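Counting in my numbering, the sequence shown runs from 759 upward without gaps. We put the CB at the ideal spot given by N, CA and C, even for glycine. The structure presented is a predicted model; accordingly, all values stated were derived computationally and were not measured.
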Amino acid sequence: MRGPPLSPGNGIPAKSGSGVRVRHTGIVRARAAVFDVYGDHLADQAYWAPISAVVTLLQACGIAAPATRTAVSRMTAQGWLEPMTRHGVRGYAATAVGRDRLAEAWVRIYRPAAPDWDGRWHVVVTARPVDRTQRERVTATLGYLGYGRLAPQTWIAARSSPELSTALSGLQIGYSTFSTTDLKDSRELLARTWDLSELASSYQAFADDTAALGARLGTGLSPAEAYALRAGLVHRWRKFLFVDPALPEEVLPSPWPGQLARDLFLEAAGDLLGPARIFVAETLAAAGVPELTTEDPRG
């Protein structure tokens, strides 16, 4: 089954292969915000919502209605969403490919620690891209899946991605893979493949900002304020999915601030979840959705 490619055109940032800093600009793009809404709050609605509710939720984050409608239209054309009417209300649901991608991203966002490592490195060798567009999409896709570029068509990751076959088939590019435990001078090689110092700086900045955010969590935020605050937090954390290759602790510089940043994120996101979900439920109900489900099937 082919799905939409991971690319800047789909509202997903490309990754250079050498590392990209996660900067806090305070700006949330409409397409990225729609992904966040569906992935973070709509699993219990089978990833469906009225378009009016999506507009309202994004307006809480400072995104105007025309930008939201344009983003939804583009995501529909790209195969992430599809129009669907429920309860007599017009809305949009994530496609099968979109649901799989959202569920996988949710697990990566909220997992409590980096996954275990079996000591093997996974290497992917792709065919030569036919043009610049395909090359950029391959780079963005493999970067998102945790691969760094060793050579123009050679990529390496600490683990084989279960999405690799579907993702590269969707890009219509050939490839071969193998695993190895023989990686000489691994620290030096990985330092050339990923800019780990830049990534560490990004994690430390995120940790500092999130620790400072804790002071606001006990100040009686309204559900709408909590939703907007959490949306910005999740959006910023989600960017690490595209730049962090999830390397094993054994090869990371020490001290490494990634786990501290993760712990602070999970604590703050958890504190904000209850009131944020109240705002989402109220918004869906106002848009005509009856009998809201209150439990998230993902746990």
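Have a look at residue i and residue j and give me their C-alpha separation to the nearest angstrom.
{"i": "A801", "j": "K942", "result": "44 Å"}
{"i": "A788", "j": "D940", "result": "44 Å"}
{"i": "A1026", "j": "G972", "result": "7 Å"}
{"i": "A1034", "j": "T814", "result": "13 Å"}
{"i": "R945", "j": "H880", "result": "16 Å"}
{"i": "A949", "j": "A915", "result": "13 Å"}
{"i": "T783", "j": "A791", "result": "Residue confidence for T783 is low, a pLDDT of 46 falling below 50, so the modelled location carries little weight; the figure read from the coordinates is stated next. When rounded, the distance between both Cα atoms is 14 Å."}
{"i": "T826", "j": "W838", "result": "15 Å"}
{"i": "T834", "j": "L957", "result": "33 Å"}
{"i": "V1038", "j": "F793", "result": "15 Å"}
{"i": "L975", "j": "C819", "result": "17 Å"}
{"i": "R878", "j": "F936", "result": "10 Å"}
{"i": "G1016", "j": "A963", "result": "11 Å"}
{"i": "W952", "j": "Y961", "result": "14 Å"}
{"i": "A982", "j": "L816", "result": "11 Å"}
{"i": "S918", "j": "R988", "result": "31 Å"}
{"i": "E1040", "j": "V1047", "result": "10 Å"}
{"i": "G761", "j": "S923", "result": "Legend: pLDDT at G761 = 43, less than 50; position of this residue unreliable, no value from coordinates given."}
Measure from the alpha carbon of residue i to the alpha carbon of each residue in the options, then state which is nearest.
{"i": "A871", "options": "D1021, A1044, A1039 and A1045", "result": "D1021"}
{"i": "H799", "options": "A851, T843 and A835", "result": "A851"}
{"i": "Y868", "options": "V1038, E1040 and F998", "result": "F998"}
{"i": "P1011", "options": "V882, T828, L954 and Y933", "result": "L954"}
{"i": "T968", "options": "A982, V795 and D1029", "result": "D1029"}
{"i": "A986", "options": "T951, I821 and V847", "result": "I821"}
{"i": "Y805", "options": "G906, V882, T853 and D1002", "result": "T853"}
{"i": "A829", "options": "V847, R844, R994 and I809", "result": "I809"}
{"i": "E921", "options": "V882, V1047, G978 and S959", "result": "V882"}
{"i": "E862", "options": "R996, A909, V1009 and E1008", "result": "R996"}
{"i": "V795", "options": "P1013, L991 and L1024", "result": "L991"}
{"i": "V1009", "options": "D858, L947, H845 and Q892", "result": "L947"}
Quick check on residue i: does DSSP put it in helix, strand or coil?
{"i": "T821", "result": "The amino acid at residue 821 is misidentified as Thr; the sequence shows Ile. Three-state result, I821: coil."}
{"i": "T828", "result": "helix"}
{"i": "Y985", "result": "helix"}
{"i": "S918", "result": "coil"}
{"i": "Y868", "result": "helix"}
{"i": "V1001", "result": "coil"}
{"i": "Y961", "result": "helix"}
{"i": "T843", "result": "strand"}
{"i": "R859", "result": "helix"}
{"i": "W995", "result": "helix"}
{"i": "P808", "result": "strand"}
Do residue j and residue i come within 8 Å of each other at the CB atom, strictly closer than that value?
{"i": "V888", "j": "L929", "result": "no"}
{"i": "G904", "j": "A1045", "result": "no"}
{"i": "A965", "j": "L1018", "result": "yes"}
{"i": "Q911", "j": "R886", "result": "yes"}
{"i": "I900", "j": "G797", "result": "The sequence given here places Leu at residue 900; Ile does not occur at that position. No."}
{"i": "F1000", "j": "Y933", "result": "no"}
{"i": "L1042", "j": "A807", "result": "yes"}
{"i": "V812", "j": "H993", "result": "no"}
Can residue i be considered in contact with the ligand MG, in the sense that its beta carbon sits closer than 7 Å to one or more heavy atoms?
{"i": "F793", "result": "The ligand MG is not among the ligands present in this structure, which contains no ligands whatsoever."}
Give, in chain order, every unbroken run of the beta strand (DSSP E) that is at least 3 residues long and sits entirely within the segment 873-910. 879-884 and 906-909
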